[in-house]
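Engineer:
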Amino acid sequence: MMSGVKLDVLWSPIHHDKFIIWGPDITLYEVSRIKEIEKKTTFTPISATRGATVIASQSASGVRCVDISAIPEQPEPLLALGYTSGRVALTSLKQTYDPLGLVGREFSSRHPRLCNSVSWSHQETNMLAVAMEKHRSDHCILLWDVYRGSMLCDEARAGESASPTPDPAKPVAEMGLSETAHCVTWANFSPRTLIASMNLKYIKIFDLRDLSNKAVNTTTTRYCYGVCAEPCGGWQVASRGEGVACVWDVRALQRPLLTLQHPKPLTHLQWCPTRRNLLLSLQRDSSTLRVHDIQQASDNKMNLMKNDNGTTATAVEAELEEQYSRGPSVIERDVSPSPAVSVVTFSCHPADEARLLCVCANGSFVDYTVCERVTVAWGGNGTLLWTGAGGVGGGGALRMMRDDFYAAIGDVSYIMKRRAQTDYGLKPDLWQNADLADDDALSGLWHFLALSKSLVEDGCIRSSPWKHPGVRTVLRSAGDGGYRSEMVPSILPDLPNRRVTIYRSAERTRALQLCGWGWGWENALAGVERAEAEGTPCRAAALAAFQLRVRAALDVLARAREPALRVAALALAGLSDERLWRDAHAHAHHALPDPYLRALLRFLAASAPAHPPHAPQPPPAYPDLSAVLDETGMRLEDRVAFACIFLSDTKLHDYIRQTCDSLIEQGDLSGILLTGASPEGISLLQRWVERCGDVQSVALVAARCFTPDLLKDPRALNWLDSYRTILDSWQLWWARCALDTWVCAAEGSGEWGSGGGVPRHVCVACTYCGKSVAAPPGHNRPRVAFARLPPPAAKMKQISSCPHCRKPLARCGVCSLHLGTGAGGAGGAGGAGAGGAQFAGWFSWCVACRHGGHAMHLINWFKEHVECPVSSCNCHCAALDPPDRR
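Taken in order, the sequence shown gives residues 1 to 886; the numbers are from UniProt numbering.
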């Protein structure tokens, strides 16, 4: 301990529930849980759950420094007290059994002077180092063997010495002649090594194995006070002075490894004994402790040097020079054990991680745990990992977020994994995947893809370059040599005084089919009934009105459960050209809650009044229907279908283009209705991924619905590769295999690539020549006489070498027979039939250790064993794959 400290605290290094507070007095405390302390016992609360009870106390008059021994045989803490006279005394505040006879021993220098520091060795617990003031004819660092002093005194008491008083014990070693030692501490990187701050400007390292007792390493610095060595065996040493804390590497003391600036002078500096490379400092009149995490600065190549390589000083300096060139790296933060009161001193607990005992200016104690900076990372299987929050270092535990947390926040990775486990996107029929999506947008996507596919397969949509065309594909621009629609003026059957203009063409009919409408009231009636059955009467009424069936729309609203809708039906029944009705409509439609109801009202208001049959017909008018199309609360398919019925070719083309571009920019999946599985659809899906991160759905859509040309798009390839990586990290091998199967089928699917290309096949290759160990199909050897007779069964089972290079084939790890040899009664080669051997006789390999064998043999082996059947192989082959779900 440094002198001049008015109050200090020390934990016992071996009695982890005891500590001392020393200043004017030295008091020994014992820490217990408050609920375990007897009711009538006086204690000092140090935390919410712990209290400190006074065990013993004595005066500290003349004491300048204290340290607690780490001798394990001592039943109570053994203290070394350094006095102003230079005397060092051993004492135990609580008088109990003293097995080693050390209590009461004293060690004195030849010349009286101030004792500045005492330090017990934690490796050789009988060694005590003392730092003293300068004397012209004496050394300032004395090393005592407390056992040796004890034996001399015991001999004197037994009368074995002729002198009336025992000979004073002599120090084991002396260093620093005519110098001053301010502080001394034991190093942990090397045995019997002392580090001392001396003469107000030196840090010196002494190797006690060197009989010359001279410093083996020295550096000059004004920041030499409070020197302390890293307790976890590292090469770092810390010192302080003038508001600066320095971290040194003892292998190169030319300059500090780190210089840590502080706004105030430092009063205490200590390494954390349970966490490597964590330094704590205390400033004068401060209520906070500063935690310096220098892990990054010290854990690099320099710490990985091998002593047995004969590393020279030049190599060390080169490593340090590289480190200095990168600049210091340290993470600092302040912690407040007692925010309202300044901290006088503190001590780290020797065993409990990140536990501190702080002494405050008002005399109170605070048992405080420093919480580590939580470093969060994603695990390989997509889970969130972080170190435990039990303090600095996290208790050595790695925590993982539970699945119910991801379910509560709707995390996309959790949702994707849950879908993948249900074979989402891999069902034979596309519409089946909609039920597994559990999302309205994705459900609509899969339903549209199924509808588009059925229309293409039924021949309703022909000559499409894509497997799943959209509305924009079937509606070619009129200016590009496309269709031209027929304009048909029509009168509303239920309102003869109202007329509208509708447009018809084959392309519009196909677009209506993609929207799920169809052309004519006969096709639309089913959609109206379905919407009413789903509990959306406003949509059903609007669909009926858009098909010019106003009475059917009013009947739907009249059957609705909500009274407000029945009132709306009454208002619509009074449709008139009178100004009063139009003014009432203009003020009322904003208050209607349902977008379909507003669209219905605006559509009827936009219809023009009919002219008498014999009156001159005015030129065709184009009513403003933008108010209906701008109702974004309506489904996209309903708005597009409405536009296909009532907009002219030019306006329809402009509306489809603007809407498509807007939906692509927004990444709205409903836009797939317009784009289909086309290059524009890829742009839409890419925006969807960027918005929500669901790479699973877009990868499955690409695998199921894209043509070979679209699969070559870099964005589609990126989706597939990303989803493959995710499936591999989840170890969902079946889903990964099914995905690759769909991709391979799409890449070679006919005019969407049915062409030619070499068909892919899987074969077992010889380790030596790389050729297939099976003869290619149709490649038969010359037949000999009586070739129709089957060969002996023994010869069929004795395929032991490659047919090309004649090198031996792999052997089964269980039965030791070669690849190609039947597995006995397992249905091997003998019971093969035209398709080859049954599965039980197939060979299977472990992807980790590359050992294999007959499938039946391996299945039976792993029913009773965990490790690979090959001797000296410790691979857990069967544990690499999840249980078979099929």
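We put the beta carbon where it would ideally sit given N, CA and C, even for glycine.
Source: prediction; values computed, not measured.
Just the C-alpha distance for Y238 and P339, rounded to the nearest angstrom, thanks.
Structural biologist: Residue 238 is actually Ala in this sequence, not Tyr. Distance between the alpha carbons of A238 and P339 is about 26 Å.
Engineer: Could you check whether V640 and R602 sit closer than 7 Å to each other, using their CB atoms as the reference points?
Structural biologist: No, these two residues do not count as a Cβ contact at 7 Å.
Engineer: Taking the beta carbon of Q696 as the centre, do at least 16 other beta carbons fall within 10 Å, making it buried, or is it exposed?
Structural biologist: Classification for Q696: buried.
Engineer: Identify the continuous alpha helix (DSSP H) that holds V556 and give its terminal residues.
Structural biologist: Taken as a continuous stretch (DSSP letters only), the alpha helix (DSSP H) holding V556 covers 550-558.
Engineer: Would you mind working out which of H865, L809, T288 sits nearest V773, comparing C-alpha positions?
Structural biologist: Minimum Cα distance to V773 is reached at L809.
Engineer: Please report the Cβ distance between A840 and A855, rounded to the nearest whole angstrom; I am assuming they are in contact, meaning their Cβ atoms lie under 8 Å.
Structural biologist: Their Cβ separation, rounded to whole angstroms, is 6 Å, which keeps A840 and A855 in contact under 8 Å.
Engineer: If you draw a straight line from the alpha carbon of C873 to that of L278, how long is it in whole angstroms?
Structural biologist: Going from the Cα of C873 to the Cα of L278 covers about 42 Å.
Engineer: Would you decide whether W235 is buried or exposed? Buried here means 16 or more other CB atoms lie within 10 Å of its CB.
Structural biologist: W235 comes out buried.
Engineer: Would you kindly report the start and end of the unbroken beta strand (DSSP E) that includes V474?
Structural biologist: Segment 471-474 is the alpha helix (DSSP H) holding V474; no beta strand (DSSP E) there.
Engineer: Expressed to the nearest angstrom, what Euclidean distance is found between the alpha-carbon atoms of I502 and L543?
Structural biologist: Roughly 15 Å between the two C-alpha positions.
Engineer: Can you give me the start and stop residues for the beta strand (DSSP E) that G51 sits inside?
Structural biologist: Unbroken beta strand (DSSP E) run through G51: 50-59.
Engineer: On the DSSP bridge assignment, give the partners of V88 in chain order.
Structural biologist: G82, F107, per the DSSP bridge assignment.
Engineer: Measure the Cβ-Cβ separation of H135 and R113 and say whether it is below 7 Å.
Structural biologist: Contact flag set, yes.
Engineer: How many angstroms separate the CA atom of I68 from the CA atom of P77?
Structural biologist: Distance between the alpha carbons of I68 and P77 is about 6 Å.
Engineer: Look at the alpha carbon of P465 and the alpha carbon of R657, and state the distance between them as a whole number of angstroms.
Structural biologist: The alpha-carbon atoms of P465 and R657 are separated by roughly 19 Å.
Engineer: Let's test the definition: count the other Cβ atoms within 10 Å of the Cβ of W730 and tell me whether it reaches 16, buried, or not, exposed.
Structural biologist: Classification of W730: buried, given that the 10 Å Cβ count is 16 or more.
Engineer: Tell me whether F706 is buried or exposed, calling it buried when 16 or more other Cβ atoms sit within 10 Å of its Cβ.
Structural biologist: The residue is buried, with at least 16 neighbouring Cβ atoms inside 10 Å.
Engineer: State the Cα-Cα distance for the pair S662 and D740, rounded to the nearest angstrom.
Structural biologist: Approximately 33 Å between the Cα atoms of the pair.
Engineer: Could you tell me which residues DSSP pairs with T219 in its beta bridges?
Structural biologist: Beta-bridge pairing links T219 to I203.
Engineer: Following the continuous beta strand (DSSP E) through S697, name the residue where it begins and the one where it ends.
Structural biologist: It is not in any beta strand (DSSP E) - S697 instead sits in the alpha helix (DSSP H) that spans 695-705.
Engineer: Counting Cβ pairs closer than 8 Å, one from the region 188-203 and one from the region 215-226, do we hit at least three?
Structural biologist: Yes: at least three Cβ pairs fall under 8 Å.
Engineer: If you draw a straight line from the alpha carbon of I71 to that of T125, how long is it in whole angstroms?
Structural biologist: Each residue's Cα considered, the two are about 5 Å apart.
Engineer: Nearest to R472 by alpha carbon, out of P489, R508, L449, S490?
Structural biologist: Here the closest residue by C-alpha is R508.
Engineer: Can you tell me the Cα-Cα spacing of L512 and W519, whole angstroms?
Structural biologist: For L512 and W519, the distance between alpha carbons rounds to 7 Å.
Engineer: Tell me which residue opens and which closes the beta strand (DSSP E) that S729 is part of.
Structural biologist: No beta strand (DSSP E) contains S729, which is instead part of the alpha helix (DSSP H) from 714-730.
Engineer: Just verifying my parser: in three-state terms, what is the DSSP assignment at Y97?
Structural biologist: Coil.
Engineer: Give me the Cα-Cα distance between T556 and A524, rounded to the nearest whole angstrom.
Structural biologist: According to the sequence displayed, residue 556 carries Val and not Thr. Looking at the two C-alpha atoms, the distance is approximately 14 Å.
Engineer: So, residue 892 versus P350, is the Cβ gap smaller than 7 Å?
Structural biologist: Only positions 1 to 886 of the chain appear in the structure, and residue 892 is not among them; the question remains open.
Engineer: For Y406 and Y414, what's the separation of their Cα atoms in angstroms?
Structural biologist: Cα to Cα, the separation comes out at about 6 Å.
Engineer: What separation, rounded to the nearest whole angstrom, lies between the Cα atoms of V359 and V366?
Structural biologist: Roughly 7 Å separates the two Cα atoms.
Engineer: Cα-Cα, which of K40, C65, G23 is closest to S57?
Structural biologist: The candidate whose alpha carbon is nearest that of S57 is G23.
Engineer: Please report how far the alpha carbon of L445 lies from the alpha carbon of A437, in whole angstroms.
Structural biologist: Cα to Cα, L445 sits roughly 10 Å from A437.
Engineer: Below 7 Å between beta carbons: does that hold for T675 and G681?
Structural biologist: Taking 7 Å as the Cβ cut-off, T675 and G681 qualify as a contacting pair.
Engineer: Are residue 890 and S117 closer than 7 Å when you measure CB to CB?
Structural biologist: The question about residue 890 has no answer, for the chain in this structure spans 1 to 886.
Engineer: In the structure shown, what three-state DSSP assignment does D440 receive?
Structural biologist: DSSP places D440 in helix when its eight states are reduced to three.
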